[in-house]
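Down below is the structure, laid out as structure tokens.
Protein chains in written order, with the numbering used here: chain G, 1 to 396; chain H, 1001 to 1396; chain Y, 2001 to 2396; chain U, 3001 to 3396.
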């Protein structure tokens, strides 16, 4: 938690514009908090409503400068592009089906991007957006925020350092209970929510909502792609139009095998994302609901007892160390993990603006390439489930 | 932990004969300890070696009466059948491929049976043995011992009582690390072990060894059969002739969906059998390595916090209460769970001998019907894995 | 995580000036992060060094506006008092012995205050400062940050609501390992640290550092004062001049009994603050290292199982609900708990500026009255330890 | 779990006679189960009632041989002494006030002894009994059963091996809830129970019941004596005649400091015995309610992560290895820990009978010396509490 690198690089904070996520939403305040947490961003503009008066009022509620609460995305992109003190980066936190067009427009106007997941609702758009990101050279950060937790990053670093040996077996699951009761849905997930409209939420709600996170976490930690899978997805709650569970058997590019299970219909469960990764030398486990701990069980023949790692405790690798602001024993949570993506993206963007190379350790945030991988995975699950057997995940 | 019901019913303990499990094995001492624990059995005979001298010596080591350490199964069955104080029940704890013939022979001689799992190495023998059990009316207890844990039984009782509502989603896994290292196997699992000889250990080692337990536990708690599945099994450790992992997607008879994952090659893992069962009203979780606890998460809309249940603590149902010997806060372990099967079988056998009806609560131990279900499940996994798609589990 | 109440009340953020806590310290960045987290403050001024050039440089490092990185406290207080856009509130995060004079000076200049703990190094100063706070009517927030955790606040609210019945027994402990090794101290705690100089760190290092937190948490949750105690304190690491452990038996104002144990010399321990509070109806437990959970064990005769409460999960009371920004299952950590004090103080200060009554739920942050209670407690421990028996804690 | 050493040494099991603990008590069935578990004892005689008819009936209920269910202790001791196949060892599980006279009588008749704790109700009797044990050379095992848990023994062995370095700080607590409700006591602890009659249960119920266990566990693991203490004990539940809580600050013989806290009035708590021991090199923690785990936190400067040890897992020392019957991952519980005392005592008694030296690893069960230490500790707590300051624990 040292001095902010942006001040030395740019002499200022990055200027952030937001699309969506007004007061009352879950994810909007989270994005803005994440942007504030490490003091790398100044929130300067936003589109919080298509109604001009509401746009102004809600802009005031979240502390936007006067006249920079816009009533349309196009208006904001144009205006901010042309201000000398205009936004550097645009963050998108709207319903899934709009990510693509807003992101393309922002790229066309030259902005860097932070985008909520899933990147798009389909493979076609994902390919196109990813290509455009590559073409423009803009920074694109996809907020698969669970990869920002210090101990998820420690896991990735341990695998990359070979502490587990070659990976053999992976289990990832994401089990929630917020959609268990079809008859008494809560406001965030109720029938009027865009999430329950397949045209907006995409081809598989559970996969877009949480399956994409589970898949991304598996790739993030193992550094491996899923290449073949056999899956089933569907709605276990009677009468539901959108998917609420999906399971799959996985084959990874190095021959490792895996299990994937996600649902939002497991009554009473909270936000149960967890992963277990076994290599030839040991097994690590991490649970989002107790994110401060990472267990490492060594191959029995080594004679080493099970270890519990904590952020900035013994054995912390550099990627995890830079992702935690506190000394060991002081837990950080979901907001800090989310903020790590914003902080890393800020470093990458600042370096891009300054024309220097960023610290390679800053470049572990998910990008449009990860968004495309996620779309290809969801596509494969759907194909397998509809067809009833093993399928190959399409190449990017 | 009250007076032993056998003393009032029979005026004596049951007389037990064992086949296999000499000193030095893991499972033999466990069976004998389980038999002793509740004082329902007297160990009176055994076949511990085919060498006459060793049979006598090893019989002495485990405290067998003189001249009842036999050197062949046939000799023991004949002799014990003809003694006025001969064994009532025979317990089989030999390599898997011999269960069938010993069990059939014991039934033919009129003995009740306690048999280690898997019951047989294939469906054909399983059907035949089950039919013979039904025909003879003998008690047959299959030692799927994890169903003997008080909190596994509490889980079954809660589901049966409707506390979870109709079951929708099930995840069961059994993850061990004892076969993670192909190059440095431990003595129990080494190349000379019968377990590594497919002809002895059966068509799929991991499924016979632990998959059968996971499947049985799922059925025991949910009271539901798996009717369709899509699976993969194989050896993830290079050069291994026997399976060391298997995964499956499951469809249950009531339409519930499930996930199944078992392996013995997850480096560093201990004896990680765990299960999560979700119904419309909540989700329960149980882990063999912390067997004293059962968590119950209620459907969020009920407004009830997550509960942790313990044996003989609040909410204990009768099946769990009779399966725990101690007041709450005094943990019982693996031996007590194993012993619960022996105790229940003893009640059933004593009632059979006395010609009375046993307490229905005593009749929750696994039987030959469960052994057959296990064989059918393994058969389906193999067919699906070999064929690459969904298969129907054959009807018993 | 709704709109910021300050914008509607004041139309702006509060303006914050800091004394101490430059880059490289642990607590300075934490305070500033806490101030940013909920967007209630704008950091406008600071004294980060007594060297004029360093003061400017370090001000720039943390993003202070030009010319508001001062080189003395007096200079800052004077200048900020006289600016139309001057600071509203001063936050003090310097070594313990300077809290008193800086706080008195800031009050004399009319500022509201946020002050690190312990408030002062002795009772005399504590009484004087508290009296001055009362006299001036300024808001004074003492950063006993552990009381900001959602589940610590849930505990307080449950006790206040009578869910535990009258309190009978309390155990609080704070066990760290950062001072276990006298020969290899880490930089933060090394011999040159002000903490190891009794004149700066106060009459008992361990009590000022962490004992004051433990005592405050006990009072915060139970709502009860410690009135008598019997204690021992000292240095268990050979050759140490400052205390590294203290224990006490406690009698509370309502007759409840308690145990208190704090040390920084327990090798390997992290930041182990934990508390157990028993009333006639049940017992709650909370651990700082797993702050997302609060367990509630009901009196056995109620027949209710042990519950695990989480922030915004079932049973959350209003004080806890307003202290958590996320839906259940999304853990918050140390920074969010710290920030809750800043946020609540902001509401109180803004209401004071606006001349309105604040939301009573905002008024649960520790104040100078708590700082005085802490000083009196430390004084009593020292008297008891030196005298060897029970003493009465002096009245405020 | 190998062959029973008694069979090779004596060619038979030990013959056990019991005093007290009829069906329906908690502790009687536990003792008998512990005796059976490792097949070292044959239960041959008992005094289960002073009513001749009931003595016979209850003897039958627990499977005693005909005519060896006696109606008085004297009758049993006389008869068994004179039988060629008479008992070797007498186990006492009667109310506390009778332990002394029964134990003295049994010693006078030449029997070895297993005795429930506390050994006696006072120091005078404890000294006398201990002297008599020494004089007779009989084996005396005091069932402080928590010292039988594998991981408690692992803790002792780790301290003895120097893995923690010299001990500095100890915290032990035993927190139960079974006496929290004075108005609705459960049957085992009700007003008619002998436990609520001070003349029978001794000078301090909570100290005799559970404080003696906590103190013994501390001594067992650390190998150190408490030499000075400052304490309070009393009844927190209004109207109670017997103690239900006690706390103390401790000074150990090597200068280490400690905290001690025991109560049976913490509503909702189960059987919460736990201990934390810190040496210069690290800290271990063990909890009776999760007895399968022992955590070891290394001194931070070593750079080693926190470890979780399990029975027969990596790092298991010989004392723990011989105290566990199963491979790692198969939890043992309270009965197995209790049985470890019976098993070790059996080895010591058999060696005594055979006139050989026992395995030194068998000699870690509590003896009359520990019983005397316990009586001296309770005496010191009472003196300190009554006098209000530090006292010296009397030398044995």
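C-beta: ideal position from N, C-alpha, C; glycine also.
Q. DSSP state of residue 159 of chain G, grouped into three classes?
A. DSSP places residue 159 of chain G in helix when its eight states are reduced to three.
Q. Checking contacts by CB at 7 Å: is residue 307 of chain G closer than that to chain U?
A. True, the Cβ-Cβ gap to chain U drops below 7 Å.
Q.
Is there a Cβ of chain U sitting closer than 7 Å to that of residue 151 of chain G, yes or no?
A. It does not; no Cβ of chain U falls within 7 Å.
Q: Given a cut-off of 7 Å, decide if residue 2229 of chain Y and residue 2384 of chain Y are closer than it, judged by their beta-carbon atoms.
A: Cβ distance < 7 Å, so residue 2384 of chain Y and residue 2229 of chain Y count as in contact.
Q | Residues near residue 1202 of chain H by beta carbon distance below 6 Å, same chain, minus five either side | A | Once the five neighbours on either side are set aside, the close Cβ partners of residue 1202 of chain H are 1096, 1121, 1208.
(Q) So, at 6 Å on beta carbons, what are the nonlocal neighbours of residue 2328 of chain Y in its own chain, with the 5 sequence-adjacent residues on each side left out? (A) Within the same chain, and ignoring the five residues on either side of residue 2328 of chain Y in sequence, the residues whose Cβ sits closer than 6 Å to its Cβ are 2310, 2312, 2313.
(Q) Against chain H, does residue 2331 of chain Y count as a neighbour if the rule is that its beta carbon must be under 7 Å from one of theirs? (A) Contact with chain H is absent for residue 2331 of chain Y, since none of that chain's Cβ atoms lies less than 7 Å from the residue's Cβ.
**Q.** Nearest-angstrom beta carbon gap, residue 1212 of chain H and residue 1378 of chain H [assumed within contact, 8 Å]
**A.** Confirmed, about 7 Å.
Q | Chain-ordered neighbours of residue 236 of chain G on chain H, where CB pairs are closer than 7 Å | A | Per Cβ cutoff of 7 Å: 1168, 1169, 1257.
Q) Can you name the residues that DSSP bridges to residue 2046 of chain Y? A) According to DSSP, which records beta bridges pairwise, residue 2046 of chain Y is partnered with Y:2018, Y:2069.
Q. So the alpha helix (DSSP H) residue 2298 of chain Y belongs to, where does it begin and stop?
A. That residue, residue 2298 of chain Y, is in no alpha helix (DSSP H); its beta strand (DSSP E) goes 2293-2298.
Q: Count the other CB atoms, across all protein chains shown, that sit within 10 Å of the CB of residue 3108 of chain U; report buried if there are 16 or more and exposed otherwise.
A: Exposed: under 16 other Cβ atoms inside 10 Å.
Q) Using the C-alpha atoms, what's the distance from residue 3106 of chain U back to residue 3113 of chain U? A) A straight-line Cα-Cα distance of about 7 Å links residue 3113 of chain U and residue 3106 of chain U.
Q: Identify, in the order they occur along the chain, each residue of the same chain with its Cβ nearer than 6 Å to the Cβ of residue 237 of chain G, setting aside the five sequence neighbours on each side.
A: These residues qualify, in order along the chain: 182, 244, 265.
Q) Near residue 1254 of chain H, what residues of its chain come up, given a Cβ to Cβ distance below 7 Å and the 5 sequence neighbours on each side ignored? A) Closer than 7 Å at the Cβ level, and outside the excluded window around residue 1254 of chain H, lie 1166, 1167, 1224.
Q: In the DSSP assignment, find the unbroken beta strand (DSSP E) run with residue 2257 of chain Y in it and report its ends.
A: Taken as a continuous stretch (DSSP letters only), the beta strand (DSSP E) holding residue 2257 of chain Y covers 2257-2263.
Q: With a cut-off of 8 Å on the beta carbons, I'd call residue 89 of chain G and residue 46 of chain G a contact; round off their distance for me.
A: About 12 Å separates the beta carbon of residue 89 of chain G from that of residue 46 of chain G, a gap too long to meet the 8 Å contact definition.
Q. Mind checking if residue 2232 of chain Y is an interface residue toward chain U, Cβ cutoff 7 Å exclusive?
A. Interface residue (Cβ-Cβ distance to chain U less than 7 Å): residue 2232 of chain Y is classified as such.
Q: Output, in chain order, the set of chain U residues within a Cβ distance shorter than 9 Å of residue 2178 of chain Y.
A: Chain U residues near residue 2178 of chain Y: 3300.
Q.
Can you find the residues in the same chain that come closer than 6 Å, C-beta to C-beta, to residue 3323 of chain U, ignoring five residues on each side of it along the sequence?
A. Hits under 6 Å: 3150, 3153, 3340.
Q.
Please report the distance separating the alpha-carbon of residue 220 of chain G from that of residue 1103 of chain H.
A. A direct Cα-Cα distance of roughly 51 Å separates residue 220 of chain G from residue 1103 of chain H.
Q: Report the residues of the stretch 1273-1284 of chain H with a CB closer than 8 Å to any CB of chain G, ordered along the chain.
A: Contacts with chain G (Cβ-Cβ distance below 8 Å) from the stretch 1273-1284 of chain H involve 1276, 1278, 1279, 1280, 1281, 1282, 1283, listed in chain order.
Q | Residue closest to residue 338 of chain G, alpha-carbon to alpha-carbon, out of G:31, G:205, G:6 | A | Nearest neighbour of residue 338 of chain G by Cα position, chosen from G:31, G:205, G:6, turns out to be G:31.
Q. Quick one: is residue 371 of chain G buried, meaning 16 or more other Cβ sit within 10 Å of its Cβ, or exposed?
A. With at least 16 other beta carbons inside 10 angstroms of its own, residue 371 of chain G counts as buried.
(Q) List, in chain order, every chain Y residue whose beta-carbon is nearer than 8 Å to that of residue 1303 of chain H. (A) Under the 8 Å cutoff, chain Y gives 2314, 2315.
Q) Any Cβ of chain G within less than 7 Å of the Cβ of residue 1247 of chain H? A) Among the residues facing chain G, residue 1247 of chain H is included, as its CB has a counterpart in that chain under 7 Å away.
Q) Residue range of the beta strand (DSSP E) that residue 3392 of chain U falls in? A) 3390-3392 is the span of the beta strand (DSSP E), which, as asked, contains residue 3392 of chain U.
Q | First through last residue of the alpha helix (DSSP H) which encompasses residue 2321 of chain Y | A | Its alpha helix (DSSP H) spans residues 2318-2321.
Q) Taking any Cβ of chain H, which residues in the stretch 3352-3386 of chain U have a Cβ under 7 Å from it, in chain order? A) Under the 7 Å Cβ criterion, the stretch 3352-3386 of chain U contributes no residue.
Q: Label residue 3199 of chain U either buried or exposed according to how many other C-beta atoms from any shown protein chain fall within 10 Å of its C-beta, with 16 as the threshold for buried.
A: That one is exposed.
Q: Work out the CA separation of residue 1157 of chain H and residue 2278 of chain Y for me, nearest whole Å.
A: As the crow flies, the alpha-carbon of residue 2278 of chain Y is around 32 Å from that of residue 1157 of chain H.
Q) Got a sec? Which residues, its chain only, sit under 7 Å from residue 1126 of chain H by beta carbon, not counting five neighbours each side? A) Excluding sequence neighbours, residue 1126 of chain H sits near 1119, 1120, 1371, 1372, 1375.
Q. Going along chain U in order, which residues have a C-beta closer than 7 Å to the C-beta of residue 1326 of chain H?
A. Correct list: 3334.
Q. Would you call the stretch 69-78 of chain G and the stretch 2059-2074 of chain Y touching, i.e. three or more CB-CB distances under 8 Å?
A. Output reads no: the stretch 2059-2074 of chain Y does not touch the stretch 69-78 of chain G.
Q) Using 7 Å as the limit for Cβ to Cβ distance, is residue 270 of chain G near chain Y? A) Interface with chain Y (7 Å Cβ-Cβ cutoff): residue 270 of chain G is included.
Q.
What does the alpha-carbon distance come out to for the pair residue 1259 of chain H and residue 1170 of chain H?
A. Within the model, the alpha-carbon separation for residue 1259 of chain H versus residue 1170 of chain H is close to 6 Å.
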